[in-house]
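Colleague:
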Amino acid sequence: MTTVALLRAHRRQPLLQALVLSRRSVVALLRQPTVWIPSMFFPLFFTALNSAAFQRATNLPGFPPFDSFLDFLVPATILQGVIFGAISAGTEMATDIENGFFDRLISSPVSRISILVGRLAGAAALGGAQAVLFVLILLPFGASIGGGAVTVAVLVATAMLLGVGIGGFGVALALRTGSAEAVQGSFPLLFVTLFLSSAFFPRGLMTGWYQTVAGVNPVSWMIEAQRRLLLEGFAATDAAVAVAVAAGIGVVSVGASLLALRRRLAEAPA
Amino acid sequence: MTAARTAFDHGVAGRPLAVAAALAWRNLVGIRRVPATFVPAVVMPVFFLIAFSGQYRGIVEIPGFATDNVLSWYTPMAVLMGASFAGVGTAFSVARDLETGFFDRLLLSPAARGAIMCGSLLAGAARGLITFALVTAVGLAGGAAVPGGVPGLVSLLIAALGVATVAGLWALGLVYRIKSQSAGPVVQVGIFVGLFLTTAQAPLEVITGWLHPVARLNPVSQILELARQGFLEGVAWSSTWPGLAAIGGLAAVMLVFAVRGMRTLTP
Numbered sequence: 001m002t003t004v005a006l007l008r009a010h011r012r013q014p015l016l017q018a019l020v021l022s023r024r025s026v027v028a029l030l031r032q033p034t035v036w037i038p039s040m041f042f043p044l045f046f047t048a049l050n051s052a053a054f055q056r057a058t059n060l061p062g063f064p065p066f067d068s069f070l071d072f073l074v075p076a077t078i079l080q081g082v083i084f085g086a087i088s089a090g091t092e093m094a095t096d097i098e099n100g101f102f103d104r105l106i107s108s109p110v111s112r113i114s115i116l117v118g119r120l121a122g123a124a125a126l127g128g129a130q131a132v133l134f135v136l137i138l139l140p141f142g143a144s145i146g147g148g149a150v151t152v153a154v155l156v157a158t159a160m161l162l163g164v165g166i167g168g169f170g171v172a173l174a175l176r177t178g179s180a181e182a183v184q185g186s187f188p189l190l191f192v193t194l195f196l197s198s199a200f201f202p203r204g205l206m207t208g209w210y211q212t213v214a215g216v217n218p219v220s221w222m223i224e225a226q227r228r229l230l231l232e233g234f235a236a237t238d239a240a241v242a243v244a245v246a247a248g249i250g251v252v253s254v255g256a257s258l259l260a261l262r263r264r265l266a267e268a269p270a
Numbered sequence: 271m272t273a274a275r276t277a278f279d280h281g282v283a284g285r286p287l288a289v290a291a292a293l294a295w296r297n298l299v300g301i302r303r304v305p306a307t308f309v310p311a312v313v314m315p316v317f318f319l320i321a322f323s324g325q326y327r328g329i330v331e332i333p334g335f336a337t338d339n340v341l342s343w344y345t346p347m348a349v350l351m352g353a354s355f356a357g358v359g360t361a362f363s364v365a366r367d368l369e370t371g372f373f374d375r376l377l378l379s380p381a382a383r384g385a386i387m388c389g390s391l392l393a394g395a396a397r398g399l400i401t402f403a404l405v406t407a408v409g410l411a412g413g414a415a416v417p418g419g420v421p422g423l424v425s426l427l428i429a430a431l432g433v434a435t436v437a438g439l440w441a442l443g444l445v446y447r448i449k450s451q452s453a454g455p456v457v458q459v460g461i462f463v464g465l466f467l468t469t470a471q472a473p474l475e476v477i478t479g480w481l482h483p484v485a486r487l488n489p490v491s492q493i494l495e496l497a498r499q500g501f502l503e504g505v506a507w508s509s510t511w512p513g514l515a516a517i518g519g520l521a522a523v524m525l526v527f528a529v530r531g532m533r534t535l536t537p
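Chain order of the listed sequences is A and B.
Read left to right, the first sequence gives residues 1 to 270 (the working numbering).
Read left to right, the second sequence gives residues 271 to 537 (the working numbering).
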């Protein structure tokens with residue numbers, strides 16, 4: 001049975017509709033290895049590279065007391081992967097608009113919110129799966145996770161919320177422009193945000209305007225809280241900061257995508 | 271009048287240099303018409319330069335690091351990255367020509383195959399020259415020092431043109447085989463792996479673990495040394511010849527790869 005037929009079968013059941021659309025976005029993701037393989041490869045490649053290149057930086061005065069640069073990079077690796085992967089929620093939405101599937105959806109009796117929930121649930125699932133996979137891959141290479149399973153659970157929860165947050169920005173852009181190319185074009189902006197933070201090096205070892213910008217970037221607050229969890233073990237305050245920043249990004253981006261959806265529906269022919 | 275007509279309807283098809291120049295010119299005119307095809311080759315290295323020099327400012331304090339000026343360390347790397355993007359960008363133009371059928375028209379013309387490939391490489395070198403000028407200017411404006419003076423800048427330019435050529439040949443070899451712009455991800459992975467599995471991030475004396483032997487054996491590390499020498503100290507023949515040899519060797523290997531790829535286009 002096709003997705004649209006399933007949605008018709010579940011009319012007046014928004015939760016089931018959201019589930020059908022979520023399943024569709026996850027299956028679509030799994031069928032496109034070119035989308036998720038780079039989101040795993042590049043973060044792992046740069047983590048392997050930098051942990052060998054900068055291992056001696058851990059002896060610098062002011063560097064957090066991590067045993068290895070690999071330990072220091074665990075949160076940044078997950079964040080990079082989530083950024084790489086979650087943007088696909090936006091490109092997939094834009095593709096649905098370009099090929100007419102979105103028009104078929106809105107002409108069917110589907111709940112409008114389910115359209116968004118379906119897309120963002122896929123991004124959240126990918127983010128959570130990436131966090132688990134990254135931890136499992138990095139552990140045999142010597143990464144240590146202070147706080148054990150509870151810290152991993154916080155990392156996974158943060159990654160899922162970030163998947164929604166970053167996917168939400170992509171979806172908002174897709175709904176505004178209807179262009180997969182435009183969504184892809186926004187990708188470097190996300191990386192600018194990542195690099196203008198303390199994701200890859202301690203803020204205390206930066207100087208000048210870069211240190212100031214990294215200090216006010218919420219991504220730094222989230223990453224630094226995750227690092228404290230990894231280093232010192234579980235602490236409710238650090239867990240709350242990490243989750244709150246990711247949730248805050250999610251609230252803003254989901255709000256933006258809801259506005260964009262309302263605008264697109266208003267502009268759609270009756 | 272189009273570049274193709276200039277080259278082939280007016281009797282220059284028998285002159286390989288004129289064909290290469292006409293095709294290179296056509297490619298460069300494309301930058302003015304569709305700047306989006308070239309802008310990333312400049313913006314990305316400039317972003318890389320700002321981000322890495324800001325993010326990793328502390329690495330120059332590691333004992334044994336080759337300089338205390340992080341911009342002097344990263345500017346040559348950013349220039350080489352821009353040069354590689356420049357070379358790759360030209361190959362993507364060829365991919366578009368393959369998709370639209372223009373390349374088939376070129377192959378049907380009496381122009382020498384080598385001249386067609388040289389046209390792409392010339393355009394890549396010209397693009398590499400633009401990225402060299404812009405990225406170096408940003409680095410110097412930010413505070414990069416060049417104790418090697420003009421010879422140091424010349425050695426960086428030579429390294430940049432060499433990398434543009436090698437990257438262009440690598441990308442052409444893949445584009446000729448895959449025959450579409452979907453070759454992009456494979457091309458980019460090759461470029462990133464080639465450029466970063468080197469002394470890109472830190473000197474060999476500072477690198478530890480698995481990366482140390484890989485960076486020592488990777489010939490691109492020698493090209494980086496050629497590029498960086500003027501930014502770290504004076505220019506010396508002992509730092510120059512290994513880089514030149516690496517460019518020559520890699521260009522020869524990639525030329526064979528590209529020529530064999532081109533042969534797959536014709537029965």
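Where a beta carbon is used, it is the ideal one built from N, C-alpha and C, also for glycine.
Give a yes or no on whether 9 angstroms exceeds the smallest Cβ distance from B:A472 to chain C.
Modeller: The chain labelled as chain C is not found among the protein chains of the depicted structure, namely A and B.
Colleague: Quick one: grab the DSSP three-state call for A:N99.
Modeller: Here DSSP, grouped into helix, strand and coil, assigns A:N99 to coil.
Colleague: Between the alpha carbons of A:S107 and B:S342, how many angstroms are there, rounded?
Modeller: 59 angstroms
Colleague: For B:C388, collect the residues of the same chain with a Cβ closer than 6 angstroms to its Cβ; drop the 5 residues on either side in sequence, then sort them by chain order.
Modeller: Taken in chain order, the residues that qualify are A290.
Colleague: How is B:L439 classed by DSSP in three states: helix, strand or coil?
Modeller: helix
Colleague: Report yes if the CB atom of A:L60 is closer than 9 angstroms to the CB atom of B:E475, and no otherwise.
Modeller: In this structure, A:L60 sits away from B:E475, with a CB-CB distance that is not shorter than 9 angstroms.
Colleague: Pull up the CB-CB distance for B:P473 and B:G357, whole angstroms please, since I reckon it's below 8 angstroms.
Modeller: In fact, because the Cβ distance is near 26 angstroms, the residues do not count as touching under 8 angstroms.
Colleague: I'd like to check one pair, B:L426 with B:A336: are the Cβ atoms closer than 9 angstroms?
Modeller: no
Colleague: Please report how far the alpha carbon of A:G85 lies from the alpha carbon of A:L133, in whole angstroms.
Modeller: 13 angstroms
Colleague: Between the Cα of A:S198 and those of A:A180, A:Q226 and A:E181, spot the shortest distance and give me the residue it belongs to.
Modeller: A:Q226
Colleague: Is the CB-CB distance between A:T95 and A:A180 below 9 angstroms?
Modeller: yes
Colleague: Does A:S68 come out as helix, strand or coil in the three-state DSSP assignment?
Modeller: coil
Colleague: Under a CB-based cut-off of 9 angstroms, is A:M40 close to chain B?
Modeller: no
Colleague: Against chain B, does A:R196 count as a neighbour if the rule is that its beta carbon must be under 9 angstroms from one of theirs?
Modeller: Here the sequence assigns Leu to residue 196 of chain A, which means Arg is not the residue at that position. So, interface residue.
Colleague: Within the 9 angstroms Cβ cut-off, does B:A321 reach chain A?
Modeller: yes
Colleague: Tell me which residues share the same chain as A:T47 and place their Cβ nearer than 6 angstroms to its Cβ, disregarding the 5 neighbours each side in the sequence.
Modeller: If we look at A:T47 and ignore the five residues flanking it on each side, its Cβ neighbours are L73 and T77.
Colleague: Name the chain A residues whose beta carbon is nearer than 9 angstroms to that of B:G325?
Modeller: A small correction: the amino acid at residue 325 of chain B is Gln; Gly does not occupy that position in the sequence shown. Going along chain A in sequence order, the residues near B:Q325 (Cβ under 9 angstroms) are F195, L196, S197, S198, A199, F200, F201, M206, Y210 and A214.
Colleague: Of all the alpha helix (DSSP H) runs that stay within the bounds of the region 8 to 55 of chain A, which reach a length of 4 or more residues?
Modeller: Runs of the alpha helix (DSSP H) inside the region 8 to 55 of chain A: 14 to 30 and 33 to 53.
Colleague: Nearest-angstrom Cα distance between B:M271 and B:A292?
Modeller: For B:M271, the pLDDT reaches just 45, beneath the cut-off of 50, and the residue's location in the model is therefore unreliable, although a value from the coordinates is still provided. Cα to Cα, the separation comes out at about 12 angstroms.
Colleague: Taking Cβ-Cβ distances shorter than 8 angstroms, what residues in chain B pair up with A:L49?
Modeller: Here the neighbours are F466, L467, Q471 and L481.
Colleague: Indicate whether at least one CB of chain B lies closer than 9 angstroms to the CB of A:R56.
Modeller: yes
Colleague: So which residues of chain B does A:L60 contact, with C-beta pairs closer than 8 angstroms?
Modeller: G328, E331 and I332
Colleague: Can you give me the start and stop residues for the alpha helix (DSSP H) that B:G400 sits inside?
Modeller: The sequence shown places Ile at residue 400 of chain B, rather than the Gly named in the question. Its alpha helix (DSSP H) spans residues R383 to G412.
Colleague: Taking just the CA atoms, how far does A:L79 sit from B:L442?
Modeller: 34 angstroms
Colleague: Can you give me the C-alpha to C-alpha distance between A:L44 and A:A240, rounded to a whole angstrom?
Modeller: Taking the CA atoms as reference points, A:L44 sits about 27 angstroms from A:A240.
Colleague: Whole-angstrom Cβ separation of B:T401 and B:A521, contact assumed at under 8 angstroms?
Modeller: Approximately 19 angstroms separates the beta-carbon atoms of B:T401 and B:A521; this is outside 8 angstroms, ruling out the contact.
Colleague: Could you tell me which of A:A57, A:V35, A:L120 and A:Q13 sits nearest to A:M206, measuring between CA atoms?
Modeller: A:A57
Colleague: Buried or exposed: where does B:W440 fall if 16 or more other Cβ atoms within 10 Å of its Cβ makes it buried?
Modeller: buried
Colleague: Against A:A52, what residues of chain B qualify as contacts under a CB-to-CB distance less than 8 angstroms, listed in chain order?
Modeller: The answer, in chain order, is I477, T478, G479, W480, L481 and H482.
Colleague: Would you tell me roughly how many angstroms separate the C-alpha atoms of A:P140 and B:G518, rounded to the nearest one?
Modeller: Roughly 40 angstroms separates the two Cα atoms.
Colleague: Quick check on B:M271 - is its C-beta less than 9 angstroms from some C-beta in chain A?
Modeller: Low confidence applies to B:M271: its pLDDT is 45, below 50, so where it sits in the model is not reliable, and the reading given next is rough at best. It does not; no Cβ of chain A falls within 9 angstroms.
Colleague: Please state whether DSSP places A:L196 in a helix, a strand or coil.
Modeller: Coil.
Colleague: So is A:T34 in contact with chain B if we call contact Cβ pairs under 9 angstroms?
Modeller: At a cut-off of 9 angstroms between beta-carbon atoms, A:T34 makes contact with chain B.
Colleague: First and last residue of the alpha helix (DSSP H) that includes B:S323?
Modeller: Note, B:S323: alpha helix (DSSP H), V309 to Q325.
Colleague: Should B:V457 be flagged as near chain A, meaning a C-beta pair shorter than 9 angstroms?
Modeller: Using a CB distance cut-off of 9 angstroms, B:V457 does not count as an interface residue toward chain A.
Colleague: Output the distance between the C-alpha atoms of B:A407 and B:I329, rounded to the nearest integer angstrom.
Modeller: 23 angstroms
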